[in-house]
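Student:
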Amino acid sequence: MGNKKGRVFSGARPTGRQHLGNYLGAIRNYVALQDEYDCIYCVVDLHALTTLSDTDKLHEWTYEMALDWLAAGIDPEQGTLVFIQSHVPQVVELHLLLSMVTPLGWLTRLPTFKEKVRQQPENVNYGLVGYPVLMASDITLYKADTVPVGVDQAPHLEITREIVRRFNRIFGEVLVEPQAKHTEFTKVLGIDGEQKMSKSLNNHIEIASAPDEIKRRVMEMMTDPARQYRSDPGHPEVCNVFTLHGFFSPGEVAQIGTDCRAADIGCVQCKQRLAENLAAYFAPFRERRAELAADPDYVWDVLAEGARRASEIAAVTIAEVKAAIGLP
Ligand code: TRP
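Mind the numbering: the sequence shown is residues 1 to 328 in the numbering used here, read in order.
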């Protein structure tokens, strides 16, 4: 790896085709970070098991997500590592070792854990409690010093840092304490205009969609609820369609805002423009995706090569950790 600012690690659970929320919240940052950092991006299939009862989609969802990443510009040719978490099994070993220096209270008091307990009271499994420890294992196994986080993952990164400090205090300076890189956190609402965009709520727009599918979904979007009639002045600041124009219609967003406020443009027309701009914005992405998908082995080959290189880093760390602990 070259002489960059440091090493970034990030992981995402395999959720299949990525949507606008994934794109604005993660993927475009992943792509941009490659210029300044050595980057490692991981499909965290083991983390997915903490909430998944139905595992038969894992294979397909891993493939589709990785294909979106690569088509969007995550680029192994630049040295970026892309791989599947479970393909480097040392992470499981490190997870167990780090669990020994992690007080249970740190984990059970986390708001994210409490939220999961509310969501799946019938499945509060041991792995779920250890979710942040597995995340700490991801980050420290690859000696990442920088982790891009939005507000939702910030407490998990704090726990990683605390685990590292504790481990190093007890066993010596072995693990790298990662810094959070607070990325501009873009919370994208779904087509319902209320909840965060997510596949599980089926309120999402996939970035790989064909233009007619994009249009169909955009036309379903909720707009400013206070605007009932075409002649009512609109409030772009509370309209999710307008928020998306801000990202995907840089040339005309100001005009659209003015026209909406003056009721010179209606919601239907506003959405048609967004659909067109989205389709155009992602046209090169769709083309690249089709090219990459033409070779069914391509994605799997990239992931295999990523795992091979990641294993080399992992082997060194695990040896250092075991020696520091004093395992015979
Ligand atoms: N916990 C992250 C999420 O739910 C995924 C993740 C796993 C991760 N390991 C990581 C993120 C390491 C950053 C670094 O989105």
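Quick reminder that beta carbons are idealized off the backbone N, C-alpha and C, glycines included.
Everything numeric in this text was worked out from a predicted model, so none of it was measured.
Exposed or buried, what is P14 when buried is set at 16 or more other beta-carbons lying within 10 Å of its beta-carbon?
Tutor: Buried is the call here.
Student: If you follow the alpha helix (DSSP H) that D68 is part of, which residue opens it and which one closes it?
Tutor: Its alpha helix (DSSP H) spans residues L58 to A72.
Student: My guess is that R289 and L67 are in contact by the Cβ rule of under 8 angstroms, so how many angstroms apart are they, rounded?
Tutor: With a Cβ gap of about 6 angstroms, R289 and L67 count as contacting.
Student: Might you give, ordered along the chain, the residues of its own chain that have their beta carbon closer than 6 angstroms to the beta carbon of K181, omitting 5 neighbours on each side?
Tutor: Excluding positions up to five away in sequence, the list reads T146 and P148.
Student: Is it buried or exposed, N3, if we count other Cβ atoms within 10 angstroms and call 16 or more buried?
Tutor: N3 is exposed by the Cβ-count criterion.
Student: May I ask you to check if the CB of Q90 is nearer than 7 angstroms to at least one heavy atom of the ligand TRP?
Tutor: No, since every heavy atom of the ligand TRP falls outside the 7 angstroms radius drawn around the Cβ of Q90.
Student: Using a Cβ-Cβ cut-off of 8 angstroms (strictly less than) and excluding sequence neighbours within five positions of D297, which residues of its own chain qualify?
Tutor: Excluding residues within five positions, none has a Cβ falling inside 8 angstroms.
Student: Do the region 245 to 256 and the region 264 to 282 touch if we need at least three Cβ pairs shorter than 8 angstroms?
Tutor: Yes, the region 245 to 256 is in contact with the region 264 to 282.
Student: Would the beta-carbon of G6 fall within 8 angstroms of that of Y37?
Tutor: Yes, these two residues count as a Cβ contact at 8 angstroms.
Student: Suppose contacts are defined by Cβ-Cβ distances below 8 angstroms. Is N240 in contact with M222 by that definition?
Tutor: Yes, the pair counts as a contact, with Cβ atoms nearer than the cut-off.
Student: In the region 167 to 235, which residue ranges form an unbroken alpha helix (DSSP H) of at least 4 residues, counting only runs that do not cross its ends?
Tutor: Counting only runs of 4 or more, we get 211 to 219.
Student: Could you check the C-alpha separation between D333 and G127 for me, to the nearest Å?
Tutor: Beyond the ends of the chain as shown, which are 1 and 328, falls residue 333; an answer cannot be given.
Student: Does at least one heavy atom of the ligand TRP sit under 7 angstroms from the Cβ of H204?
Tutor: H204 Cβ: outside cutoff for every heavy atom of the ligand TRP.
Student: Could you tell me how far apart the beta carbons of L98 and A136 are, in whole angstroms, since I believe they sit closer than 8 angstroms?
Tutor: About 6 angstroms separates the two Cβ atoms, so the contact holds.
Student: Just curious, the beta strand (DSSP E) that C39 is in, first and last residue?
Tutor: Segment D38 to V43, the beta strand (DSSP E) holding C39.
Student: With distances taken from CA atoms, which of R273, A208 and F282 is nearest E64?
Tutor: Of R273, A208 and F282, the residue nearest in Cα terms is A208.
Student: The alpha helix (DSSP H) that contains I84, what's its start and end?
Tutor: First-last for I84: L81 to I84, but that is the beta strand (DSSP E), not the alpha helix (DSSP H).
Student: May I ask you to report which of helix, strand or coil DSSP gives P328?
Tutor: Coil, per DSSP.
Student: Let's test the definition: count the other Cβ atoms within 10 Å of the Cβ of E206 and tell me whether it reaches 16, buried, or not, exposed.
Tutor: So E206 ends up on the buried side.
Student: To which residues of the same chain is Q179 closer than 7 angstroms at the C-beta, ignoring the five residues directly before and after it?
Tutor: Correct list, in chain order: D145 and T146.
Student: In the DSSP assignment, find the beta strand (DSSP E) that holds T102 and state where it starts and stops.
Tutor: Where T102 is concerned, there is no enclosing beta strand (DSSP E), given that its DSSP letter is neither H nor E.
Student: When DSSP labels each residue in this structure, what does S137 get in the three-state scheme?
Tutor: Correct three-state label for S137: helix.
Student: How big is the Cα-Cα spacing for C42 and V82?
Tutor: Taking the straight line joining both Cα atoms gives about 6 angstroms.
Student: Taking the C-alpha atoms as reference points, what is the distance between D232 and Q272?
Tutor: One C-alpha to the other measures close to 19 angstroms.
Student: Check each candidate in L175, V88, N125 and D224 and name the one with the smallest Cα separation from R261.
Tutor: Nearest option by C-alpha distance: D224.
Student: Could you please give the first and the last residue of the uninterrupted beta strand (DSSP E) stretch that includes G11?
Tutor: It spans R7 to A12 - the beta strand (DSSP E) in which G11 sits, taken as one unbroken run.
Student: What residue range does the alpha helix (DSSP H) around P148 cover?
Tutor: Here P148 belongs to no alpha helix (DSSP H); instead the beta strand (DSSP E) covers T146 to V149.
Student: Quick check: does the Cβ of M135 come within less than 7 angstroms of any heavy atom belonging to the ligand TRP?
Tutor: Yes - the ligand TRP has a heavy atom lying nearer than 7 angstroms to the Cβ of M135.
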